[in-house]
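Residue numbers (the UniProt record's numbering), protein chains in the order written: chain A, 1 to 180; chain B, 1 to 271.
Ideal Cβ positions, reconstructed from N, Cα and C, are used throughout, including at glycine.
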Amino acid sequence: MQAPVENYANPKTCLFHVLFKGAALAFYILSALFFNSFVIIFVVTVLLAALDFWVVKNVSGRILVGLRWWNEINDLGESVWKFESLDQESLARMNKKDSWLFWWTLYLAAAAWFILGVFSLIRFQADYLLVVGVCLSLNVANIIGFTKCKKDAKKQLQQFASQTIASRFQSTVQSAFTLV
Amino acid sequence: MSHNDTVPLYQSSQSDIDEIENMMNGGFQSGPGSVLPARPPSPIRPSIPVTSSPFVQSNLPPLAPAQKVTPVPVPPAGSGGSEGGKASGFGSPANTLTEPVWETVKRDVGRIGSNLKLVVFPNPNREDPGKALRDWDLWGPFFFIVFLGLTLSWSASVKKSEVFAVAFALLAAGAVILTLNVLLLGGHIIFFQSLSLLGYCLFPLDVGAVICMLKDNVILKMIVVCVTLAWSSWAAYPFMSAAVNPRRKALALYPVFLMYVSVGFLIIAID
Numbered sequence: 001m002q003a004p005v006e007n008y009a010n011p012k013t014c015l016f017h018v019l020f021k022g023a024a025l026a027f028y029i030l031s032a033l034f035f036n037s038f039v040i041i042f043v044v045t046v047l048l049a050a051l052d053f054w055v056v057k058n059v060s061g062r063i064l065v066g067l068r069w070w071n072e073i074n075d076l077g078e079s080v081w082k083f084e085s086l087d088q089e090s091l092a093r094m095n096k097k098d099s100w101l102f103w104w105t106l107y108l109a110a111a112a113w114f115i116l117g118v119f120s121l122i123r124f125q126a127d128y129l130l131v132v133g134v135c136l137s138l139n140v141a142n143i144i145g146f147t148k149c150k151k152d153a154k155k156q157l158q159q160f161a162s163q164t165i166a167s168r169f170q171s172t173v174q175s176a177f178t179l180v
Numbered sequence: 001m002s003h004n005d006t007v008p009l010y011q012s013s014q015s016d017i018d019e020i021e022n023m024m025n026g027g028f029q030s031g032p033g034s035v036l037p038a039r040p041p042s043p044i045r046p047s048i049p050v051t052s053s054p055f056v057q058s059n060l061p062p063l064a065p066a067q068k069v070t071p072v073p074v075p076p077a078g079s080g081g082s083e084g085g086k087a088s089g090f091g092s093p094a095n096t097l098t099e100p101v102w103e104t105v106k107r108d109v110g111r112i113g114s115n116l117k118l119v120v121f122p123n124p125n126r127e128d129p130g131k132a133l134r135d136w137d138l139w140g141p142f143f144f145i146v147f148l149g150l151t152l153s154w155s156a157s158v159k160k161s162e163v164f165a166v167a168f169a170l171l172a173a174g175a176v177i178l179t180l181n182v183l184l185l186g187g188h189i190i191f192f193q194s195l196s197l198l199g200y201c202l203f204p205l206d207v208g209a210v211i212c213m214l215k216d217n218v219i220l221k222m223i224v225v226c227v228t229l230a231w232s233s234w235a236a237y238p239f240m241s242a243a244v245n246p247r248r249k250a251l252a253l254y255p256v257f258l259m260y261v262s263v264g265f266l267i268i269a270i271d
């Protein structure tokens with residue numbers, strides 16, 4: 001019996017991708033039941049969120065969707081954003097389920113933090129708002145980075161395709177002329 | 001048709017379009033060592049706190065990757081062995097995209113160590129501040145700020161949570177405001193680079209806070225804080241002063257000094 005739907009190609013990576021996000025959210029929400037100390041809540045939540053940021057940026061981004069972004073300072077002292085993506089062949093071969101999971105958990109986590117932020121705003125808890133703010137900004141940073149990277153990859157592909165067509169056309173024309 | 005202005009981003013060795021392969025190979029040789037097509041330097045966009053740059057362009061001395069901060073991964077090592085060996089431009093994206101996770105961790109952890117050494121300890125690269133903190137990262141500063149907050153909170157006998165929150169918010173907001181100060185004075189500094197610098201310069205104060213936590217003598221505390229304060233300010237001085245117009249150096253440096261003094265007071269005053 002063949003499974004009609006393809007399975008996750010990288011189950012371990014998917015797990016880690018979701019693990020830290022979920023842990024940060026769960027810890028933040030449940031900690032109020034167990035811990036009285038704000039310090040522990042802050043440190044653990046922000047640490048988990050930071051780990052999640054690193055995992056998404058460096059590991060699951062690469063493996064699940066084949067994208068990567070970073071920032072560099074060039075010799076002129078200016079900051080340059082750099083994007084990297086796999087070639088079209090590998091991108092097309094990427095597991096659909098993997099990339100679906102990647103993007104959707106990214107968006108959902110950001111939405112969840114936003115809602116939690118609204119709650120803490122309503123309750124006038126400035127310190128919890130700080131935690132939520134930090135976690136939300138880490139999530140949003142990843143979303144923006146990867147979205148830009150995807151757009152950049154598409155643009156590169158289009159440029160490449162049009163260049164290819166143009167050069168093939170040119171070489172065809174040249175060979176036609178040399179035959180004449 | 002020249003390939004000099006656009007270098008295709010991705011490796012095409014597996015491409016099955018044969019006619020293109022020759023052109024691609026021509027493009028490979030003419031391509032620059034780094035991966036990407038020439039892009040105009042984009043304006044600084046906020047929001048990306050952490051970099052993971054595999055391409056160490058600056059002339060960092062090959063520093064031994066220092067402390068092994070295991071769960072806190074950070075940007076690249078000064079000893080860019082794997083990156084330095086990439087001659088062809090197209091080997092690079094594949095390598096960083098498909099490198100094993102452990103390599104990334106090692107690279108990132110090494111970067112904290114090298115940045116720390118560059119900023120806080122005397123070394124020849126301080127002569128050229130612009131180049132020294134080329135590979136900024138925010139993991140080191142994050143770790144130092146949290147550590148300072150935890151130390152202060154631990155030393156406090158009452159209101160531990162408030163102490164931590166205040167320390168963290170003060171340092172984070174302070175770093176942002178100081179950076180804005182430099183930018184508004186017409187200085188040339190990159191936002192995240194400056195945040196990274198101010199964070200790393202907290203390391204001496206971290207050390208001072210730990211010592212003060214262990215020994216509760218007021219005189220000792222004052223001496224330790226003065227020494228570490230001077231060390232922090234000395235560490236931050238060349239980077240901040242190089243960024244602004246010489247006539248406005250004091251305007252840029254004074255608030256930095258003030259922030260470190262206030263942290264010093266926090267350390268002394270906690271009992």
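In terms of Cβ geometry, Leu-152/B and Ser-196/B do not form a close pair [threshold 9 Å]. For Ile-122/A, no Cβ of chain B is located within less than 9 Å of the residue's own Cβ.
Listed along the chain, the chain A residues whose CB falls inside 7 Å of the CB of Ala-169/B are Leu-130. Identification of chain A residues near Val-263/B by a Cβ-Cβ cut-off of 9 Å yields none; the smallest Cβ-Cβ distance measures about 18 Å.
C-alpha of Ile-143/A to C-alpha of Leu-148/B: approximately 30 Å in a straight line. The segment 75 to 161 of chain A contains, as complete beta strand (DSSP E) runs of 3+ residues, the segments 79 to 85 (chain order). With contacts defined by Cβ atoms closer than 9 Å, Gly-187/B and Ala-243/B form a contacting pair. Going by C-alpha positions, Trp-104/A is about 10 Å away from Asp-98/A. The beta-carbon of Lys-160/B is placed less than 9 Å from the nearest beta-carbon of chain A. Uninterrupted alpha helix (DSSP H) stretches at least 4 residues long and entirely within the UniProt domain "Yip1" (122 to 265) of chain B occur at 129 to 132, 139 to 155, 160 to 184, 191 to 200, 203 to 214 and 218 to 243, given in chain order. With respect to Asn-74/A, Leu-106/A sits apart: the two C-beta atoms are not nearer than 9 Å. When DSSP reads this structure, Ile-40/A sits in no beta bridge, so it has no partner. In the DSSP assignment, Glu-99/B falls outside any beta strand (DSSP E), carrying neither H nor E.
With a cutoff of 9 Å on beta-carbon distance, Leu-47/A and Ala-109/A are scored as not near each other. Taking 9 Å as the cut-off, the beta carbon of Leu-202/B is found closer than this to the beta carbon of Val-263/B. By the Cβ criterion, the segment 250 to 270 of chain B is in contact with the segment 228 to 242 of chain B, since at least three pairs of Cβ atoms, one from each stretch, lie closer than 8 Å. Apart from the 5 residues on each side of it in sequence, Glu-72/A sits with its Cβ closer than 7 Å to the Cβ of Val-80 and Lys-82 in its chain, given in chain order. Counted as a single uninterrupted DSSP element, the beta strand (DSSP E) harbouring Leu-67/A occupies residues 67 to 73. Not a single CB atom of chain B sits nearer than 9 Å to the CB of Trp-113/A. For Ile-270/B, the secondary structure class from DSSP, reduced to helix, strand or coil, is coil. For Val-180/A, no chain B residue has a C-beta closer than 7 Å to its own C-beta; the minimum C-beta separation is roughly 21 Å.
Put simply, the backbone Cα of Lys-21/A is about 39 Å away from that of Leu-185/B.
Inter-residue distance for Asp-152/A and Gly-145/A is about 10 Å (C-alpha atoms, whole angstroms).
Between Ile-270/B and Ala-156/B, the beta carbon gap of about 5 Å places them in contact (Cβ cut-off 8 Å).
In the structure shown, Ala-24/A adopts helical secondary structure according to DSSP, grouped into three states. When secondary structure is reduced to three states using DSSP, Ala-9/A falls in the coil class, being assigned neither helix nor strand. Contact annotation for Ser-153/B against chain A: Val-39 [CB-CB distance below 8 Å, chain order]. Here Gln-174/A is exposed. Its C-beta has fewer than 16 other C-beta atoms within 10 Å. In the structure shown, the three-state DSSP call for Val-180/A is coil. Interface annotation for the segment 21 to 46 of chain A against chain B: Ser-37, Phe-38, Val-39, Phe-42, Val-43 and Val-46, criterion Cβ-Cβ distance under 8 Å.
For the pair Leu-116/A and Val-132/A, the Cα-to-Cα distance works out to about 7 Å. Neighbourhood of Ala-165/B in chain A, by CB distance below 9 Å: Phe-38, Val-39, Phe-42, Ala-126, Asp-127 and Leu-130, in chain order. With its beta carbon at least 9 Å from every one in chain B, Asn-10/A lies outside the interface. Residue-level contact check: Asp-206/B does not touch chain A, since none of the beta carbons of chain A fall below 9 Å from its beta carbon. The beta carbons of Val-119/B and Phe-239/B sit closer together than 9 Å. When the beta-carbon positions are compared, Leu-101/A and Val-18/A come within less than 9 Å of each other.
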